[in-house]
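Worksheet for the structure shown next.
There are 2 protein chains.
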Amino acid sequence: MGNLSNGILKADIKSAAKLMRKIEEEDIKAIEELKLLYSHTGHSHVIGITGLPGSGKSSLIDALIENFRNNNKTVGVIAVDPTSPFTGGSILGDRIRMQNHSNDEGVFIKSLPTKGWRGGISKVTSRMITVMDAMGKDIILVETAGVGQTEVEIKKLVHTTIVVLVGGLGDSIQAIKAGILEIADIFVINKADKIDAEELETDIYNLLSMSSYTENNNSRKWLPQICLTESVNRKGIDKLIREISMHENYSKSTGGFAQYFKYKSNNDLKEIIVDYLTNLIFKELENDELYKKLLDDLMDNKNDPYSIAEEILNHFLKFKIKN
Amino acid sequence: MGNLSNGILKADIKSAAKLMRKIEEEDIKAIEELKLLYSHTGHSHVIGITGLPGSGKSSLIDALIENFRNNNKTVGVIAVDPTSPFTGGSILGDRIRMQNHSNDEGVFIKSLPTKGWRGGISKVTSRMITVMDAMGKDIILVETAGVGQTEVEIKKLVHTTIVVLVGGLGDSIQAIKAGILEIADIFVINKADKIDAEELETDIYNLLSMSSYTENNNSRKWLPQICLTESVNRKGIDKLIREISMHENYSKSTGGFAQYFKYKSNNDLKEIIVDYLTNLIFKELENDELYKKLLDDLMDNKNDPYSIAEEILNHFLKFKIKN
Chain A
26 MGNLSNGILK ADIKSAAKLM RKIEEEDIKA IEELKLLYSH TGHSHVIGIT GLPGSGKSSL
86 IDALIENFRN NNKTVGVIAV DPTSPFTGGS ILGDRIRMQN HSNDEGVFIK SLPTKGWRGG
146 ISKVTSRMIT VMDAMGKDII LVETAGVGQT EVEIKKLVHT TIVVLVGGLG DSIQAIKAGI
206 LEIADIFVIN KADKIDAEEL ETDIYNLLSM SSYTENNNSR KWLPQICLTE SVNRKGIDKL
266 IREISMHENY SKSTGGFAQY FKYKSNNDLK EIIVDYLTNL IFKELENDEL YKKLLDDLMD
326 NKNDPYSIAE EILNHFLKFK IKN
Chain B
26 MGNLSNGILK ADIKSAAKLM RKIEEEDIKA IEELKLLYSH TGHSHVIGIT GLPGSGKSSL
86 IDALIENFRN NNKTVGVIAV DPTSPFTGGS ILGDRIRMQN HSNDEGVFIK SLPTKGWRGG
146 ISKVTSRMIT VMDAMGKDII LVETAGVGQT EVEIKKLVHT TIVVLVGGLG DSIQAIKAGI
206 LEIADIFVIN KADKIDAEEL ETDIYNLLSM SSYTENNNSR KWLPQICLTE SVNRKGIDKL
266 IREISMHENY SKSTGGFAQY FKYKSNNDLK EIIVDYLTNL IFKELENDEL YKKLLDDLMD
326 NKNDPYSIAE EILNHFLKFK IKN
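Chains A and B, in that order, are what the protein sequence lines are. Residue 26 is where the first sequence starts when you use my numbering, and the numbers rise one by one after that. Residue 26 is where the second sequence starts when you use my numbering, and the numbers rise one by one after that.
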């Protein structure tokens with residue numbers, strides 16, 4: 026027990042990869058390792074990068090890795106985006122570009138398929154962050170696809186959220202209106218050489234000025250900045266790195282950084298409690314005669330799932346569920 | 026008790042809207058109504074419509090509604106797409122277009138924000154399907170955003186999945202590779218007047234011919250068809266409607282339609298069991314002194330969430346969690 030943790034605390038990539046596999050497989054042994062790692066975490070700066078497919082997140086991440094490495098910072102990447110080259114969703118060109126970093130020991134990339142997680146993507150991502158944090162990564166980049174629920178969930182797991190947009194898609198503003206505006210600490214307008222980039226910049230400024238950001242005159246409040254980049258040509262990356270660093274400092278000085286770790290711990294606790302409970306009851310149910318009978322009733326549409334759930338819980342927990 | 030159900034079984038829109046609100050608010054009273062409705066469900070043809078923002082899902086849904094209504098079929102729409110006009114994520118033009126149906130009693134539209142669901146979007150969507158099914162809707166359309174986890178989860182809740190693509194986005198194929206191919210029963214290439222539509226059609230044909238669809242020579246196996254549409258101009262919709270009908274017949278003749286309902290019931294059962302258990306234990310924990318102490322340890326990083334979870338469960342359930 027704890028062999029993997031020992032390796033991980035020494036930044037050993039093989040040990041980390043092994044534990045990550047156990048986490049993905051929901052192997053109960055992973056929990057024992059995570060227990061040993063937890064007190065060594067809370068140090069990495071966790072950065073979420075979200076945006077629609079086609080916004081160039083992968084080349085932006087590539088440019089960020091390059092810059093962080095030039096400044097001797099170690100980097101972990103967790104890709105939960107099905108269209109990311111990291112997760113195998115991309116065309117060959119992107120994949121080759123990413124191999125820039127494949128021989129660099131200071132970069133660790135983990136891709137997560139976005140389907141098939143019993144407990145939701147956020148649980149697995151949170152555990153992957155714990156592993157990379159324990160490895161001593163200075164920076165952890167979490168890439169998400171930027172439509173729907175995933176990136177709002179992931180937002181809770183990161184210190185700094187970067188929303189990547191491109192001009193000309195037309196739908197960017199729709200996506201912003203749909204809630205991405207609320208989660209952004211930094212906006213990146215990528216492919217800034219496109220003619221529509223400036224128009225998009227104006228749109229975001231207008232949206233920001235209408236939003237709650239300006240309602241509060243508290244000078245401590247973070248106002249999201251807009252960075253124009255051409256990540257493929259490495260343009261605008263220095264300014265973005267400065268913005269990221271400023272947000273980190275802001276987050277540390279206002280207590281947000283520490284608060285985040287408490288939030289994450291609390292969330293991890295709740296998820297593992299629900300996990301344990303769920304495993305426990307369904308294991309017990311497997312061989313239970315009453316459950317089999319009730320399940321038959323359900324399959325024959327003789328009874329509804331809600332009534333059956335109450336019967337089962339009364340049967341097992343020996344007390345009435347209170348409404 | 027059961028007032029809303031009575032209304033819903035008579036297709037009353039106000040009763041349905043009220044129950045849906047209770048479902049969204051996780052009001053426990055919703056469960057009592059759902060119990061009464063459940064045995065009246067399993068009749069609607071549930072159709073998932075997924076695709077990237079900008080693929081024109083909303084105008085396609087608009088055209089489908091029009092067609093179904095012309096054939097005297099009643100329609101429910103559940104939109105879980107943050108960029109959908111139904112969920113308020115769209116520009117004004119789309120919103121006006123949708124108002125075509127706002128005075129039609131045979132159409133019921135429910136939009137779901139994609140964030141803030143404690144139990145995940147699939148639980149809420151499943152319950153909304155139950156309500157619309159009990160209302161007697163012939164067709165239920167479920168719109169999702171088509172990147173990441175949501176639409177894979179939603180796939181399990183529908184009989185027929187339509188994947189909407191457009192030429193020229195370049196990223197469509199990436200999205201297909203990323204798993205959308207596996208979930209499609211019907212492909213729609215929308216905005217087929219765009220020059221790249223035929224290229225995309227060829228790409229999909231090639232991908233399909235490489236996939237497992239053709240490996241099985243069983244004549245009962247469904248081969249996904251590709252429909253070219255211009256939904257704004259109502260072109261190609263008739264063919265799409267025929268495909269949908271063919272898939273419904275296929276699904277009914279092969280038992281998939283009935284199997285789906287059993288799967289849904291089983292899923293609903295598991296979700297409500299986990300819900301009840303979770304509510305139960307966190308309610309108990311709220312006032313528990315040991316929990317408060319352990320939570321303080323967690324916040325001070327003196328103990329890890331996994332060890333704390335075990336302590337709590339041992340304390341409450343009075344027996345050891347087995348690894």
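For glycine and all other residues, C-beta sits at the position ideal for the given N, C-alpha and C. Predicted, not measured: the structure shown is a model, and the values here were computed from it.
Ser80 (chain B) sits close to Leu190 (chain B), with the two beta carbons spaced by under 9 Å. Within the stretch 290 to 331 of chain A, the alpha helix (DSSP H) runs of at least 4 residues that lie entirely inside it are, in chain order, 314 to 324. Cβ-Cβ distances below 6 Å link Glu178 (chain B) to Ser147 in the same chain, with the five nearest sequence neighbours on each side left out; the list follows chain order. For Ile134 (chain B), DSSP records a beta bridge to B:Val102.
Here Lys82 (chain A) carries a helix assignment [DSSP, helix/strand/coil]. Residues of chain A whose Cβ lies closer than 7 Å to the Cβ of Asp293 (chain B) are, in chain order, Pro330. In this structure Phe282 (chain B) is buried. Its beta-carbon is surrounded by 16 or more other beta-carbon atoms within 10 angstroms. Among the CB atoms of chain A, one or more fall inside 9 Å of the CB of Lys287 (chain B).
In the structure shown, the three-state DSSP call for His272 (chain B) is helix. Excluding sequence positions up to five before and after Tyr63 (chain B), its CB lies less than 6 Å from no other CB in the same chain. For Ile56 (chain B), the closest alpha carbon among the candidates B:Leu29, B:Leu77, B:Asp37, B:Asn258 is that of B:Leu29. Apart from the 5 residues on each side of it in sequence, Asp210 (chain A) sits with its Cβ closer than 8 Å to the Cβ of Thr185, Thr186, Ile187, Trp247, Pro249, His272 in its chain, given in chain order. Secondary structure of Lys162 (chain A) (DSSP, three-state): coil. In this model, Asp321 (chain B) and Asn96 (chain A) are separated by some 37 Å (Cα to Cα). The stretch 251 to 270 of chain A makes no contact with the stretch 278 to 295 of chain A; the number of CB pairs closer than 8 Å stays below 3. Ranked by how close their Cα comes to the Cα of Ser151 (chain A), the residues A:Lys289, A:Lys39, A:Leu305 have A:Lys289 in first place.
The beta carbon of Leu137 (chain B) is closer than 8 Å to those of Glu49, Ile103, Ala104, Val105, Thr112, Ile146, Val149, Thr150, Met153 in its chain, skipping five residues each way along the sequence. With a cutoff of 9 Å on beta-carbon distance, Tyr301 (chain B) and Ala217 (chain A) are scored as not near each other. Interface annotation, Leu320 (chain A): in contact with chain B, CB-CB separation under 9 Å. Asp325 (chain A) counts as exposed, since fewer than 16 other C-beta atoms from the protein chains shown sit within 10 angstroms of its C-beta. In the three-state DSSP reduction, Thr155 (chain B) falls in the helix class (H, G or I). Among the residues of chain B, those whose CB is under 9 Å from the CB of Thr303 (chain A) are Lys295, Ile298, Val299, Leu302, Thr303, following chain order. For the set B:Asp263, B:Val213, B:Lys277, B:Glu311, the Cα lying nearest the Cα of Phe341 (chain B) is the one of B:Glu311. For the 9 Å CB-CB criterion, Asn215 (chain A) and Gly76 (chain A) form a contact.
Taking Asp329 (chain A) as reference, the option from B:Leu182, B:Met235, B:Glu58 with the minimal CA-CA separation is B:Glu58.
Per the C-alpha coordinates, the member of A:Lys181, A:Asn231, A:Glu207, A:Phe133 positioned closest to Asp158 (chain A) is A:Phe133. Following the DSSP letters along the chain, one finds Asn31 (chain A) inside the alpha helix (DSSP H) bounded by residues 28 to 34. Chain A places a beta carbon closer than 9 Å to that of Met324 (chain B), counting this residue as a contact.
Interface flag for Ile214 (chain A) against chain B is unset, since no Cβ pair is found closer than 9 Å. Between the alpha carbons of Ser40 (chain B) and Ile164 (chain A) lies a distance of about 51 Å. Cα atoms of Glu268 (chain B) and Ile262 (chain B): separation of roughly 10 Å, rounded to the nearest angstrom. At a cut-off of 9 Å between C-beta atoms, Phe307 (chain A) counts as an interface residue with respect to chain B. Neighbours of Ser64 (chain B) across chain A, judged by C-beta separation under 7 Å: Asn326, Asp329.
In the structure shown, the three-state DSSP call for Asn128 (chain A) is coil. Residue burial annotation: Tyr316 (chain B) is buried, with at least 16 other C-beta atoms found within 10 angstroms of its C-beta.
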